[in-house]
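Chains as they are written, first to last, in the numbering used here: chain Y, 1 to 384; chain P, 1 to 384; chain D, 1 to 384; chain H, 1 to 384. Single-structure report; data block below.
There are 4 protein chains.
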Amino acid sequence: MTGERPRARDIGVAIGLLPPGPLNAITDVPGVKVGHATIIRGRGPLVPGAGPVRTGVTAIVPHDGDVFQEKVAAAAFVLNGFGKSVGLPQLQEMGVLETPILLTSTLNVPRVADALIDWSIQRTPHTGIRTAAVNAVVGEVNDGFLNDLQGRHVRGEHVFQALAEATGGPVTEGSVGGGTGASCMGFKGGIGTASRMLPDLPEGRVLGVLVQTNYGGGWLTVNGAPVGRELGRPEAPARRSPTPAPGEPGGSVMVVVATDAPLDHRQLERVAKRVGLGLARTGFYSSNASGDIFIAFSTARCIAHAPRAGDRVGILSDGALDPVFLATVEATEEAAINSLLRATTVVGRDDNVREAIEIARLLPILRKYNALGWDAGLPAGPPA
Amino acid sequence: MTGERPRARDIGVAIGLLPPGPLNAITDVPGVKVGHATIIRGRGPLVPGAGPVRTGVTAIVPHDGDVFQEKVAAAAFVLNGFGKSVGLPQLQEMGVLETPILLTSTLNVPRVADALIDWSIQRTPHTGIRTAAVNAVVGEVNDGFLNDLQGRHVRGEHVFQALAEATGGPVTEGSVGGGTGASCMGFKGGIGTASRMLPDLPEGRVLGVLVQTNYGGGWLTVNGAPVGRELGRPEAPARRSPTPAPGEPGGSVMVVVATDAPLDHRQLERVAKRVGLGLARTGFYSSNASGDIFIAFSTARCIAHAPRAGDRVGILSDGALDPVFLATVEATEEAAINSLLRATTVVGRDDNVREAIEIARLLPILRKYNALGWDAGLPAGPPA
Amino acid sequence: MTGERPRARDIGVAIGLLPPGPLNAITDVPGVKVGHATIIRGRGPLVPGAGPVRTGVTAIVPHDGDVFQEKVAAAAFVLNGFGKSVGLPQLQEMGVLETPILLTSTLNVPRVADALIDWSIQRTPHTGIRTAAVNAVVGEVNDGFLNDLQGRHVRGEHVFQALAEATGGPVTEGSVGGGTGASCMGFKGGIGTASRMLPDLPEGRVLGVLVQTNYGGGWLTVNGAPVGRELGRPEAPARRSPTPAPGEPGGSVMVVVATDAPLDHRQLERVAKRVGLGLARTGFYSSNASGDIFIAFSTARCIAHAPRAGDRVGILSDGALDPVFLATVEATEEAAINSLLRATTVVGRDDNVREAIEIARLLPILRKYNALGWDAGLPAGPPA
Amino acid sequence: MTGERPRARDIGVAIGLLPPGPLNAITDVPGVKVGHATIIRGRGPLVPGAGPVRTGVTAIVPHDGDVFQEKVAAAAFVLNGFGKSVGLPQLQEMGVLETPILLTSTLNVPRVADALIDWSIQRTPHTGIRTAAVNAVVGEVNDGFLNDLQGRHVRGEHVFQALAEATGGPVTEGSVGGGTGASCMGFKGGIGTASRMLPDLPEGRVLGVLVQTNYGGGWLTVNGAPVGRELGRPEAPARRSPTPAPGEPGGSVMVVVATDAPLDHRQLERVAKRVGLGLARTGFYSSNASGDIFIAFSTARCIAHAPRAGDRVGILSDGALDPVFLATVEATEEAAINSLLRATTVVGRDDNVREAIEIARLLPILRKYNALGWDAGLPAGPPA
């Protein structure tokens, strides 16, 4: 369904200065896997509890092993906390992630967290830790414009499916998994990803980003071009300001950053604080009712649940972080654009329609603003 | 079952300088109600998923109205984030509480949150907000020493029961509700409460505290008397330091502070930061694996979901906060002692036993250290 | 000296969607005043302690009264804390600003703070508070590329001068005051300002921003146009990545937001967190060694040092904040561009030269990327 | 002058369970040095700017080397931010301390910071970093009850003296250095120190604490005994509550924790958050106008200003932190008691007198409450 639509670089939108990784995806980070469960069921008027259903769950798995037994260094930053993510207090205190990260729709969070606990217990059935409580990490956006939000249709089977199907390689983007019912700046949003190489680092090669875009407000900007303004979305005449109407769902964006650079918790928190800067370049201003929550982890810093004495870890000097920060900003911006480009139109509850951005209308605007054809490291040429 | 055991003041332990409210309970704050659902089922060896079950849920309801429609000003402070509470990011961002607070056992949190969403949706069925996502606030402690933690035995019916039975008046303390399976400093812990009058304030009359005590480490101190040390708990000979053994559940303590003083979010966060100071006086040092999370709310600051223009609110100068802070520290200390005194011995999974502190052994120690018979505002007399 | 150079709108760069205030300056907020002391002395090789001197101090005064006696609600957000600002812990705890905000060069901060204490004591000589300690708020950027940083040449007289000359009306921008020796993205930076009207609010009319730009890294973007890339600054061939060279001063940007909307501390902190989103649109990514610190205050919320019982304050619902957030992002972006456009070339220590961006070279680039001629509320036309 | 008065253990007050180090001082941590400059001048009525002077500065030096070139891992926690400490934002961002920590009186902070910059520049005169800006860390308490606070009598010479005289070995406590004019809970306060051995750790042997006590409110508790209450300080009859009178200086307490355990920034922040728990056991409740700021550093984690590639560091599992946390709480409590016991009576401005606690009156109270004669690891015996 989403196979026909291009990614940003497919149409000549090459954001930023650093080179992307081979897949230009979070899965460029060795060991990181992504899986989705997409739930589309019913049509017509909203009957809370019955549907229509336009939702799902996306899993980001940090490595192939048992994540509870081999935790990864992690940190979170809450730019705007109008969100229902779970797992953040412990992630911040202990500086580790001990489950995959799941992204879903707002009110599904408890059910998804409960299923993630099931999955973790099954993966780590050791008698010795049967009293241990795993810290499930789940994020969300509000897909209530298209989906029967209060019906909470994500079940344990969907969580297990997303985790079972998680794989390396290219990531399916757009109206899938946790992004199935997402909207972004007046267009269909959803899942997007991108990556950047980190050539200057002594250790670590790549940083990848996955976004679940559902934010509102402002006008979409693509590589500097004022696309939302040109396309008149959100529709300005009806409103005195370009901020969300009172009745609209509030938005939200979840972002996950992964890297194989050996960053510790403090450094990963610094990374997470840069995510908003990448989103800002797309027109995002972090509206009041948005849950804008960013999580970063490093696969190079595994922390054993039962540590061995004498462990020593490599450290990356903070002075080497500038490429990491820039990579975060660039990959986030590009991942957000990918989420919009790859998303397909969805008709949802009450026949609400969220249309995908039209590529045919987008291209002339990008040309008008000379936003095509850049290539990192080369002089900018004239637009096609 | 718990009726026979005394509260702190019943045996002459009068903590602090400020006078308690009429009930010496969080329910001294007008409108605040507390309810419990206690789940005790089975005995013998742990069979994860089957039992034995020693757990439950406690509800703190901030006022009689629709809490979603009439939110209360609130704040949280995480002293140690090794915990799985949900709802904190939005509570901190928006500065309001929009559901009752539920306290349960660690891995039950998602199920309890899901049921709290059900309850809130039923309470606020308005069509206009059917896409709105309520921010459920649920805290927890790890009762895995006595309870089939991974079995997650709290169901929606228990949540509805705790909320339905929530009432003003005296609060049932000890091994009930979310405190059913709790342990504290080697003794049976659980639910406790206390309050303090705020005579100097221009507005607001009382501050109340409810605790769910499950913390470990250190030796219990009661009104200055080294009770844990005298009773040899935790047992020192077996260990080189009085910190939790590696195999022990990690502890945790949830504390809820309520007041009718007109505090805003920033001021309530300042209140929440003082809670640990009260716990410290009982021997608490916030051990590594403890989820020590404190929430404060003011019933004087209702914030409408659909605000009216021109609303004005009373403000309390920060210069008037000292009695509020002192009240927080004192009521927290006394509530923790009440939780221990009122708790009854529980035999749990694998026939693990957590004994209530013996009053008959406690009293001579309190006398030895002259910790009885103080009365706020009067000179200390000689011990009995 | 700076009079010849244009502001952004003078050359047709009209950033964002909301209309600017009459002055398009922080002084559009009633009562807010700005003053500078600029110190330029000596030339040639750096002799620490002797010069050359290219530095100064800028004062932002929140209202005409005694700011210690009539404090204003305030909050700060530290996006990247590699900076030496003083006064933030108390500003965050008490939620108020009780002095003007002074912006200077890094190592001058203590001397400027000391002089600000002098000034405050003289302004508030009341016997009753002669033991009171005022919380001086001073921010900084590192101007060591042009200035004798370690010489600390700002004296009390300069502080008093900046405060005495503070005035409403148009704000002098560019290479003045605390921006005298500043650099930004390879060009001369310094002081800039902008404002936005807030037409939808029940109370409050305007939000203004003042920036002290000294940030490095990335390539300058002006209203979406990749100006830094086109102009080759920072020079790419000499470096493998567009991040600051190890020997370069680290950057930093201080931003002050003022509004007459009645925001409390929590809401102002939310405003401050949006500032980075505006900077991001200029190419900023918050480099490692940058002190990126943002302070917001509301002139509508004066808090008396000696409060009167029964005070009540107007409140603005968080649901009304979206225009405030968008105004913050837009005014910050435009203020940063103004700082670059208005700055003049400065030759400093060791004959280091930081050139102002050339308007004649800038305009063709803006045309190439169709970044001129937008006007808020009107359809975009073709570029000139 | 202070030589005659005992420390806590000299009179049989042995706080806590863990054994103290050889000196029971922060200088038990290898390499850590402490120095004071005490300024006592004039008597009689306060003439701001002239005196009387009862103030000073205390230096805590983390190691013998160049602290700018070889930084130590560090973190801070602000329990109550009504204080003027400088250097915290960068310390938190970068996770390191790059100067000694200086403690002084509130309004002296800028002058002390300026002198510390002088000292650092002189210590690290390398041409290559002559544009680098050192992050001076200075804490303070308000000694305005005894001292000409607004006169700011600490000069550069005093800073250099305190740093030059800093030494290992026993630490001078009481009314010296930054504690010269300090008051605490109605008694003379000042500098105190204590330490704890960490026998269970794979690396690291000791944790030491230094306090500058000036806090008010509550009634002093010594090892569980209600000393303040028994001695009637602060005087209860004159007040309706035991909180500070409006005219009183606000208090504050600065605490520095040092350890040779290999803790990183996140772990040190966790340590700093426990400091208040130790203070709480002395009666402290963190009053409104108190600057309660705690800094922790680890000498085992030196971070080079110019790092070498391939550096690896030892890590301490969070699971091993419980003894570190308990040591922090115990050493803080004992250091605070030492500060009171060792302090001598000071007559200050306007002939204000702050009396040292009388040992002869203290001992009977400690006996009454059986607070003497405990010894860690042994059963408690009867009091003398």
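Every residue gets a Cβ at the ideal spot worked out from N, C-alpha and C, and that includes glycine. Computed from a predicted structure; not experimentally measured.
> CA-CA distance, residue 14 of chain H and residue 318 of chain P?
Replying inline: Each residue's alpha carbon lies about 37 Å from the other.
> Going along chain Y in order, which residues have a C-beta closer than 7 Å to the C-beta of residue 106 of chain P?
Replying inline: Neighbours of residue 106 of chain P in chain Y, taken as residues at a C-beta separation under 7 Å, are given in chain order as 133.
>> Assuming the contact rule is C-beta atoms closer than 8 Å, residue 83 of chain D and residue 216 of chain D should be a hit. Round their C-beta distance to whole Å, please.
In response: Rounded, the Cβ-Cβ distance is 14 Å, inconsistent with contact.
> Straight-line CA distance for residue 124 of chain H to residue 367 of chain H?
Replying inline: Across the structure, residue 124 of chain H and residue 367 of chain H are spaced so that their CA atoms are roughly 53 Å apart.
> To the nearest angstrom, how far is it from the Cα of residue 263 of chain D to the Cα of residue 73 of chain D?
Replying inline: Rounded to whole angstroms, residue 263 of chain D to residue 73 of chain D spans 8 Å at the Cα level.
> Tell me the DSSP bridge mates of residue 71 of chain Y?
Replying inline: In the DSSP assignment, residue 71 of chain Y is bridged to Y/303.
> Just curious, the beta strand (DSSP E) that residue 36 of chain Y is in, first and last residue?
Replying inline: 33-41 is the span of the beta strand (DSSP E), which, as asked, contains residue 36 of chain Y.
> Mind checking if residue 111 of chain H is an interface residue toward chain D, Cβ cutoff 8 Å exclusive?
Replying inline: Cβ-Cβ to chain D under 8 Å: yes for residue 111 of chain H.
>> On a Cα-Cα basis, can you pick out the residue from H/298, H/208, H/335, H/282 that is closest to residue 314 of chain H?
In response: For the residues H/298, H/208, H/335, H/282, the minimum Cα distance to residue 314 of chain H belongs to H/298.
> To the nearest whole angstrom, what separates the beta carbons of residue 306 of chain D and residue 210 of chain D, a pair I think is in contact under 8 Å?
Replying inline: Taking a contact as a CB-CB distance under 8 Å, the pair residue 306 of chain D and residue 210 of chain D does not count as one, their CB atoms being some 30 Å apart.
>> Give me the chain H residues within the contact set of residue 95 of chain Y, using Cβ-Cβ distance strictly less than 9 Å, ordered along the chain.
In response: Neighbours of residue 95 of chain Y on chain H, chain order: 264, 266, 267, 318.
> Counting contacts by CB-CB distance shorter than 8 Å, is residue 81 of chain P in contact with chain Y?
Replying inline: Output row for residue 81 of chain P: interface = yes.
> According to DSSP, what are the bridge partners of residue 187 of chain D?
Replying inline: Beta-bridge annotation (DSSP): residue 187 of chain D is paired with D/184.
> Would residue 44 of chain Y be called buried (16 or more neighbouring beta carbons within 10 Å of its own) or exposed?
Replying inline: By the C-beta density criterion, residue 44 of chain Y is exposed, having fewer than 16 other C-beta atoms within 10 angstroms.
>> Against chain Y, does residue 293 of chain P count as a neighbour if the rule is that its beta carbon must be under 8 Å from one of theirs?
In response: Cβ-Cβ to chain Y under 8 Å: yes for residue 293 of chain P.
>> Looking only at its chain, what residues have a beta carbon closer than 7 Å to the beta carbon of residue 269 of chain P, apart from the 5 residues adjacent to it on each side?
In response: Same-chain partners within the cutoff: 75, 77.
> Which residues bound the alpha helix (DSSP H) around residue 274 of chain H?
Replying inline: Looking at the DSSP string, the run of the alpha helix (DSSP H) that includes residue 274 of chain H is 265-280.
> To the nearest whole angstrom, what separates the beta carbons of residue 342 of chain Y and residue 174 of chain Y, a pair I think is in contact under 8 Å?
Replying inline: Indeed, because the Cβ distance is near 4 Å, the residues count as touching under 8 Å.
> Quick one: Cα of residue 85 of chain Y to Cα of residue 134 of chain P, how far?
Replying inline: Here the C-alpha atom of residue 85 of chain Y lies approximately 12 Å from the C-alpha atom of residue 134 of chain P.
> Using the beta-carbon of each residue, which ones in chain P are nearer than 7 Å to residue 84 of chain Y?
Replying inline: Those are 90, 133, 135, listed as they occur along chain P.
> With 8 Å set as the bound, which would you pick, yes or no: does the beta-carbon of residue 242 of chain P sit closer than that to a beta-carbon of chain Y?
Replying inline: In this prediction, residue 242 of chain P has a pLDDT of 46, which is less than 50 and means its spatial position is unreliable; nothing more can be read from the coordinates.
>> Cβ closer than 8 Å: which chain H residues qualify as neighbours of residue 114 of chain D?
In response: Annotation: Cβ neighbours of residue 114 of chain D in chain H (cutoff 8 Å, chain order): 110, 111, 114, 152.
> Under 9 Å Cβ-Cβ, which residues of chain P neighbour residue 78 of chain Y?
Replying inline: Residues of chain P passing the Cβ test: 89, 92, 93.
> List, in order along the chain, the chain D residues whose C-beta lies closer than 9 Å to that of residue 332 of chain Y?
Replying inline: Neighbours of residue 332 of chain Y across chain D, judged by C-beta separation under 9 Å, do not exist; the nearest C-beta is about 10 Å away.
>> So with CB distances below 7 Å, who are the chain D contacts of residue 303 of chain H?
In response: For the C-beta of residue 303 of chain H, not a single chain D residue is nearer than 7 Å; the gap to the nearest is close to 14 Å.
> Would you say residue 20 of chain P reaches chain H, if we count a Cβ-Cβ gap shorter than 8 Å as a contact?
Replying inline: So no, residue 20 of chain P is outside the interface.
>> Given this structure, state the Cα-to-Cα distance separating residue 243 of chain H from residue 325 of chain P, to the nearest angstrom.
In response: Interpretation of residue 243 of chain H is limited by its pLDDT of 48, a score under 50 that renders its predicted location unreliable; no figure is taken from the coordinates.
>> Using a Cβ-Cβ distance cut-off of 8 Å, determine whether residue 187 of chain P contacts chain H.
In response: No, residue 187 of chain P does not count as interfacial toward chain H.
>> Does the structure place the segment 149-158 of chain D close enough to the segment 35-51 of chain D that three or more beta carbon pairs sit under 8 Å?
In response: Yes, they touch.
> In chain Y, which residues lie less than 9 Å from residue 225 of chain D when you measure between Cβ atoms?
Replying inline: What residue 225 of chain D touches in chain Y: 224, 369, 370.
> Can you tell me the Cα-Cα spacing of residue 91 of chain Y and residue 28 of chain H, whole angstroms?
Replying inline: Using only the alpha carbons, I get a separation of about 34 Å.
>> Please tell me whether residue 177 of chain D and residue 56 of chain D are closer than 8 Å, where the distance is taken between their beta carbons.
In response: Using a Cβ distance threshold of 8 Å, residue 177 of chain D and residue 56 of chain D count as a contacting pair.
> Out of D/132, D/277, D/105, which has the shortest C-alpha to C-alpha gap to residue 214 of chain D?
Replying inline: The alpha carbon of residue 214 of chain D has as its nearest neighbour, out of D/132, D/277, D/105, the alpha carbon of D/105.
> Secondary structure at residue 290 of chain D, three-state DSSP: helix, strand or coil?
Replying inline: Secondary structure at residue 290 of chain D: coil, using DSSP grouped into helix, strand and coil.
>> If we define contact as Cβ-Cβ less than 8 Å, is residue 322 of chain P a contact residue for chain H?
In response: By this cut-off, residue 322 of chain P is an interface position.
> Residues of chain H with a CB under 7 Å from the CB of residue 121 of chain D: which are they?
Replying inline: Correct list: 150.
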